[in-house]
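Data first, discussion second: the structure below is written as structure tokens.
Protein chains: 2
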Amino acid sequence: MQNPKSTDPLADFMAKCKQHQLKITPQRIAIFKEIRTSKAHPSVDDMYRTIKKQFPSVSFDTVNRTLLTFSEIGLVDLVEGQGGPRRFDPNRAEHHHFHCIKCGRIVDVFEKGYDELEIPASLKKRFKILNKRVVLNGICDRHGTKRQTDSLKGEKYG
Amino acid sequence: MQNPKSTDPLADFMAKCKQHQLKITPQRIAIFKEIRTSKAHPSVDDMYRTIKKQFPSVSFDTVNRTLLTFSEIGLVDLVEGQGGPRRFDPNRAEHHHFHCIKCGRIVDVFEKGYDELEIPASLKKRFKILNKRVVLNGICDRHGTKRQTDSLKGEKYG
DNA sequence: GTGATTGCAAACCTTTTGCACGCCA
DNA sequence: TGGCGTGCAAAAGGTTTGCAATCAC
């Protein structure tokens, strides 16, 4: 059972808002348009800075609440992380993540075998599983030898 | 290539500290002893409150820095989460996690099939992979029907 | 003795909350 | 028009930093 999807993302977005009794405001449209194709798993602050360029009067607060709202209605996902600022993922198709522990970069991983993992029956019985993902942690290709690593210590969110 | 492990966890701990030129202080010992067998994936604050009972003069700060240090030398793991306080996992054997999106509870999942996932060759080439884990999100068995769910809204960290 | 570690306090950053105004339906 | 959404400001929550005193080695 899948929602009907047109080829117009904005129309789908508006339909989803209506479905959840959310009003369609210029701010929400701008935020939706901006995050829709992002591959960078942006934080609220990343999004705020981007949106502000085209919509200078928007408040940080609205961006924050809007992204939270979007994640509640399944328009974006909250990305798993290890304690830094919250980050969002517009790609709701099943996929997986690599996290760089040095710079916080998150790289999408598409791996058919991972998609096909079964949920253990005992868990399915106890819990309602909504989402599964393989998370890989490591050091990304922007950090090389030990010497280079040291010089890059301050890099953030690659 | 594995480090020799005795059957004495405290001795192993001290060896690991020496290996990394860390001094063995009463605070570190207390924190190590306390987290060693925790199944609850405690936050810094959880640990601070526990440690303080047996070591009243310890500061929050020391607990925080010690746990961070422990995670750097591989004595505990940082748990993936979605924005709340950082949480730690003393179990460094390969295992997986279920996260309850309603109360933040994290349940260990042991599933042999998950342990055997291969890292895609293309990723192995680009990145140094240090850890892999399957993360399941959903709603745990402490939340039942809609009505019960509402009454449990404030529950935290199961 | 000496350098690492601790406890404390302040600073910092992110997220949450309360409220009045304004806009969408 | 009515209620949701926005912007602002303050508060809250968690983490980080700087420093002087203390402790492990």
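So the protein lines, in turn, are chains A and B. Quick note on numbering: my numbering labels position 104 of the first sequence as 104, and the sequence is numbered without any gaps. The number in my numbering is simply the position in the second sequence, starting from 1, with 1000 added. All C-beta atoms, glycine included, are put in the ideal place defined by N, C-alpha and C.
Environment of residue i [buried if 16+ CB atoms lie within 10 Å]
i, result
"residue 1086 of chain B", "buried"
"residue 99 of chain A", "buried"
"residue 96 of chain A", "buried"
"residue 1028 of chain B", "buried"
"residue 1077 of chain B", "buried"
"residue 1007 of chain B", "exposed"
"residue 42 of chain A", "buried"
"residue 66 of chain A", "buried"
Proximity below 8 Å, CB of residue i to CB of residue j
i, j, result
"residue 101 of chain A", "residue 138 of chain A", "yes"
"residue 64 of chain A", "residue 44 of chain A", "yes"
"residue 120 of chain A", "residue 1118 of chain B", "no"
"residue 1062 of chain B", "residue 1022 of chain B", "no"
"residue 90 of chain A", "residue 51 of chain A", "no"
"residue 132 of chain A", "residue 1134 of chain B", "yes"
"residue 1106 of chain B", "residue 1020 of chain B", "no"
"residue 1030 of chain B", "residue 1055 of chain B", "yes"
"residue 1071 of chain B", "residue 1060 of chain B", "no"
"residue 129 of chain A", "residue 1136 of chain B", "yes"
"residue 1049 of chain B", "residue 1103 of chain B", "no"
"residue 1082 of chain B", "residue 81 of chain A", "yes"
"residue 1140 of chain B", "residue 127 of chain A", "yes"
DSSP state of residue i mapped onto helix, strand, coil
i, result
"residue 1137 of chain B", "strand"
"residue 57 of chain A", "coil"
"residue 1071 of chain B", "helix"
"residue 1036 of chain B", "coil"
"residue 113 of chain A", "helix"
"residue 9 of chain A", "helix"
"residue 1050 of chain B", "helix"
"residue 66 of chain A", "helix"
"residue 1022 of chain B", "coil"
"residue 1029 of chain B", "helix"
"residue 1015 of chain B", "helix"
Identity of the residues DSSP links to residue i by a beta bridge
i, result
"residue 77 of chain A", "A:89"
"residue 1098 of chain B", "B:1107, B:1136"
"residue 128 of chain A", "B:1139"
"residue 43 of chain A", "A:87"
Check your understanding: According to a CB-to-CB cut-off of less than 7 Å, which residues of the stretch 1080-1099 of chain B neighbour chain A?
Key -> Interface annotation for the stretch 1080-1099 of chain B against chain A: 1080, 1081, 1082, 1083, 1086, 1098, criterion Cβ-Cβ distance under 7 Å.
Practice item. Report the residues of the stretch 1114-1137 of chain B with a CB closer than 8 Å to any CB of chain A, ordered along the chain. Key: Taking 8 Å as the Cβ-Cβ cut-off against chain A, the residues of the stretch 1114-1137 of chain B that qualify are 1114, 1117, 1118, 1119, 1120, 1123, 1126, 1127, 1128, 1129, 1130, 1131, 1132, 1133, 1134, 1135, 1136, 1137.
Practice item. Pull out every residue of the stretch 1065-1079 of chain B whose Cβ sits closer than 8 Å to any Cβ of chain A, in chain order. Key: Correct list: 1078, 1079.
Practice item. Pull out every residue of the stretch 29-42 of chain A whose Cβ sits closer than 9 Å to any Cβ of chain B, in chain order. Key: Sequence-ordered contacts of the stretch 29-42 of chain A with chain B are nonexistent [C-beta pairs closer than 9 Å].
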